[in-house]
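This report refers to the structure that appears directly beneath it.
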Amino acid sequence: MPEDLIKNYTEREESIRYALNILNGKWKLKILWEISRCGTVRFNKLQKNLDGISSIMLSRSLNELTEYNLVNRKQYSEIPPRVEYTLTDLGKSLCPVLHAIEEWGYKVKSKNKKN
Numbered sequence: 006m007p008e009d010l011i012k013n014y015t016e017r018e019e020s021i022r023y024a025l026n027i028l029n030g031k032w033k034l035k036i037l038w039e040i041s042r043c044g045t046v047r048f049n050k051l052q053k054n055l056d057g058i059s060s061i062m063l064s065r066s067l068n069e070l071t072e073y074n075l076v077n078r079k080q081y082s083e084i085p086p087r088v089e090y091t092l093t094d095l096g097k098s099l100c101p102v103l104h105a106i107e108e109w110g111y112k113v114k115s116k117n118k119k120n
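Put into structure tokens, the structure is as follows:
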């Protein structure tokens, strides 16, 4: 295999590993999907919409997604405190991927029902 093809493959493999590392876990894709669906969402609403996620896991996942610049956290100086989450531009760039996963899931679900 030519060296430039090996280098290109290695870079692409590193990229997919990096992306999968960011999105790794049971909840991150679900969180991103829910925020993309809602636009702007508060913590409690997000937890309510994500059946089964604990406050600790949601908080941890949101912090990680914020660190990777996929989710924006906006805290308002109000009493009681109000925090809202939105997708950043980088997070929004995942929307076509999320929609592709949705379409793929629909097809797989339909085919598996036939079997």
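For the sequence shown, position 29 (counting from the first letter as 1) is numbered 34 according to our numbering, and the numbering increases by one without interruption.
Ideal placement from N, C-alpha and C gives every residue a C-beta, glycine not left out.
Confirm, please, whether the CB-CB distance from Leu92 to Ile36 is below 8 Å.
no
Rounded straight-line distance, which links the Cα of Leu34 to that of Asn117:
22 Å
Would you call Ile84 buried or exposed, if buried means 16 or more other Cβ atoms sit within 10 Å of its Cβ?
exposed
Tell me, please, which residues DSSP counts as bridged to Lys79.
Glu89
Would you give the residue range spanned by the alpha helix (DSSP H) that Lys50 belongs to?
48-54
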